[in-house]
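Peer 1: First the structure, then my questions, so here it is.
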Amino acid sequence: MNVSIVDEARAPAAATRAHWSVDSVAALFELPFNDLLHRAQSVHRSHFDPNEIQLSTLLSIKTGGCPEDCGYCPQSVRFDTGLADQALLPIEQVVAAAQAARAKGATRFCMGAAWRGPKQRDVEQVAAMIKAVHDLGMETCATLGMLKDGQAEQLGAAGLDYYNHNLDTAPEYYNEIIHTREQRDRLDTLGRVRAAGVHVCCGGIVGMGETRAQRAALIAQLANLDPYPESVPINNLVAVPGTPLADTEPLDPLEFVRTIACARIAMPRARVRLSAGRSDMSDAVQALCFLAGANSIFYGDKLLTTGNPEVERDQHLMAKLGLHPAAAVPRASSSES
Ligand code: SAM
Ligand code: DTB
Ligand code: SF4
Numbered sequence: 007m008n009v010s011i012v013d014e015a016r017a018p019a020a021a022t023r024a025h026w027s028v029d030s031v032a033a034l035f036e037l038p039f040n041d042l043l044h045r046a047q048s049v050h051r052s053h054f055d056p057n058e059i060q061l062s063t064l065l066s067i068k069t070g071g072c073p074e075d076c077g078y079c080p081q082s083v084r085f086d087t088g089l090a091d092q093a094l095l096p097i098e099q100v101v102a103a104a105q106a107a108r109a110k111g112a113t114r115f116c117m118g119a120a121w122r123g124p125k126q127r128d129v130e131q132v133a134a135m136i137k138a139v140h141d142l143g144m145e146t147c148a149t150l151g152m153l154k155d156g157q158a159e160q161l162g163a164a165g166l167d168y169y170n171h172n173l174d175t176a177p178e179y180y181n182e183i184i185h186t187r188e189q190r191d192r193l194d195t196l197g198r199v200r201a202a203g204v205h206v207c208c209g210g211i212v213g214m215g216e217t218r219a220q221r222a223a224l225i226a227q228l229a230n231l232d233p234y235p236e237s238v239p240i241n242n243l244v245a246v247p248g249t250p251l252a253d254t255e256p257l258d259p260l261e262f263v264r265t266i267a268c269a270r271i272a273m274p275r276a277r278v279r280l281s282a283g284r285s286d287m288s289d290a291v292q293a294l295c296f297l298a299g300a301n302s303i304f305y306g307d308k309l310l311t312t313g314n315p316e317v318e319r320d321q322h323l324m325a326k327l328g329l330h331p332a333a334a335v336p337r338a339s340s341s342e343s
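Quick note, the sequence shown lines up with residues 7 to 343 if you use our numbering.
See below:
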């Protein structure tokens with residue numbers, strides 16, 4: 007199979023179209039590990055400072071009780087995970103968390119809500135939070151579920167830089183994991199975000215029992231979005247007791263590194279984020295992910311409801327690897343798109 011630089015050479019200067027067939031991504035996965043990492047690091051270096059890392063802090067602004075049935079998620083009302091529900095936080099608490107994240111060096115603050123999608127009243131309340139976080143000089147991100155017409159515009163007008171909405175897994179595996187909405191619904195929301203001029207943050211989860219071919223299909227699908235997302239979170243499943251995926255066999259860490267490398271090659275200018283699952287990763291595996299082209303992490307002691315490496319551990323890791331944090335780039339003057 008041809009794994010030359012053909013696809014990459016067709017990638018235009020901006021983050022616009024370069025078609026990736028599933029076979030061409032699958033062929034990347036099959037490369038000898040050193041060849042794959044060399045290629046990914048070469049692509050990475052031609053678009054980014056290889057020692058720069060972007061730091062995003064997450065906050066769950068509304069927790070649990072979600073009507074959806076995403077098989078990986080501890081926040082679905084359908085699974086008994088022992089999680090305590092929490093209504094939408096008051097804006098003061100959100101701003102205090104953003105200030106604390108900024109003080110620790112985060113430049114992007116991502117607010118997540120366990121909704122199928124926000125109601126109009128929710129959009130108004132979250133818009134006020136976005137404006138307040140934006141006014142702190144941080145990049146803003148929100149992940150609130152499916153959006154209706156006009157909602158992305160409202161969030162964008164409040165100062166939203168990124169909207170996170172993941173494709174999660176390959177189209178042919180999707181219905182094994184989620185039954186309450188289609189991948190098409192997700193693509194529609196992503197279209198609304200794009201049309202509103204808000205940056206797209208879209209990735210997926212690996213380690214959910216999918217095949218390598220399905221991991222390749224997920225990366226190809228993300229890369230073929232036109233344009234591809236500015237920000238691509240690659241999550242390793244956090245297997246939470248009580249969820250249908252609780253007993254899933256963990257993914258080989260080197261296969262996770264390969265997935266990062268393929269994402270970097272297929273989406274050369276995207277911020278590829280080494281996302282959920284870092285708590286169980288050694289420093290050595292994380293270093294390989296950075297070598298493979300990951301240049302962003304979730305930074306802070308918690309993800310939404312599960313753990314993340316402590317800030318001190320991450321600071322130590324960054325110092326050991328000589329990684330320095332990226333500066334905040336507000337949407338109007340972003341160089342990521
Ligand atoms: N409710 C909104 C939605 O689903 O669009 C926003 C919040 S949801 C928790 C955001 C994303 O977190 C999901 O799309 C999924 O990719 C990721 N996620 C959730 N639970 C996870 C887990 N246990 N392991 C890894 N990633 C997870
Ligand atoms: C994303 O891709 N991963 C983050 C963020 N976007 C919202 C969420 C990970 C959640 C992991 C499980 C939890 O902590 O609830
Ligand atoms: Fe709800 Fe989002 Fe969890 Fe799915 S991933 S159950 S939509 S909170």
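Cβ coordinates follow ideal geometry from the N, Cα and C atoms, glycine included.
1) Looking only at its own chain, which residues have a Cβ that is under 6 Å from the Cβ of residue 92, when we skip the five neighbours before and after it?
2) Among 172, 82, 168, which has the Cα closest to the Cα of residue 240?
3) Ordered along the chain, which non-local residues of its own chain (more than five positions away) have a Cβ less than 7 Å from that of residue 257?
4) Find out if the Cβ-Cβ distance for the pair residue 144, residue 97 is shorter than 8 Å.
5) At the level of alpha carbons, what is the spacing between residue 123 and residue 166?
6) I need the DSSP call for residue 281, collapsed to helix, strand or coil.
7) Here's the rule I'm using: 16 or more other beta-carbon atoms within 10 Å means buried, otherwise exposed. How should residue 259 be labelled?
8) Spatial neighbours of residue 177 within its chain, please: C-beta separation below 8 Å, excluding the five flanking residues on both sides.
9) Quick check: the stretch 265-273 against the stretch 299-307, are there 3 or more CB pairs under 8 Å?
10) Going by other Cβ atoms of all chains shown within 10 Å of its Cβ, with 16 needed for buried, is residue 262 buried or exposed?
11) Assuming residue 72 and residue 60 form a contact by the criterion Cβ under 8 Å, report the distance between their Cβ atoms to the nearest whole angstrom.
12) Whole angstroms are fine: how far does the CA of residue 254 sit from the CA of residue 16?
13) Which partner residues does residue 115 have in the DSSP bridge list?
14) For residue 282 and residue 320, what's the separation of their Cα atoms in angstroms?
15) For residue 172, which three-state DSSP category applies?
16) Taking DSSP's pairing of strands, which residues face residue 72 in a bridge?
17) Does the ligand DTB have even one heavy atom less than 7 Å from the beta-carbon of residue 92?
18) Would you report the Cα separation of residue 83 and residue 53, rounded to the nearest angstrom?
19) Measure the Cβ-Cβ separation of residue 174 and residue 210 and say whether it is below 8 Å.
20) Relative to the alpha-carbon of residue 76, which residue among 108, 119, 180 has its alpha-carbon at the smallest distance?
Peer 2: Here's the rundown:
1) Result list for residue 92: 69, in chain order.
2) Residue 172 is the option with its Cα nearest to residue 240.
3) Excluding sequence neighbours, residue 257 sits near 212, 213, 242.
4) Cβ distance not < 8 Å, so residue 144 and residue 97 don't count as in contact.
5) Answer to the nearest angstrom: the Cα atoms are 17 Å apart.
6) Note: residue 281 maps to coil in three-state DSSP.
7) Per the 10 Å Cβ criterion, buried.
8) If we look at residue 177 and ignore the five residues flanking it on each side, its Cβ neighbours are 189, 223, 227.
9) With the rule of 3 Cβ pairs closer than 8 Å, the stretch 265-273 counts as touching the stretch 299-307.
10) Residue 262 is classed as buried because its beta carbon has at least 16 other beta carbons within 10 Å across all chains shown.
11) The beta-carbon separation of residue 72 and residue 60, rounded to 28 Å, does not stay under the 8 Å limit for a contact.
12) With a pLDDT of 37 at residue 16, under the threshold of 50, the modelled position of this residue cannot be trusted; read the value that follows with caution. Taking the straight line joining both Cα atoms gives about 38 Å.
13) Assignment of beta-bridge partners to residue 115 by DSSP yields 63, 146.
14) Rounded to the nearest angstrom, the two C-alpha atoms are 14 Å apart.
15) Coil at residue 172, not helix or strand.
16) According to DSSP, which records beta bridges pairwise, residue 72 is partnered with 82.
17) No - the ligand DTB has no heavy atom lying nearer than 7 Å to the Cβ of residue 92.
18) Approximately 42 Å between the Cα atoms of the pair.
19) A contact, by the Cβ cut-off of 8 Å.
20) Considering only alpha carbons, the answer is 180.
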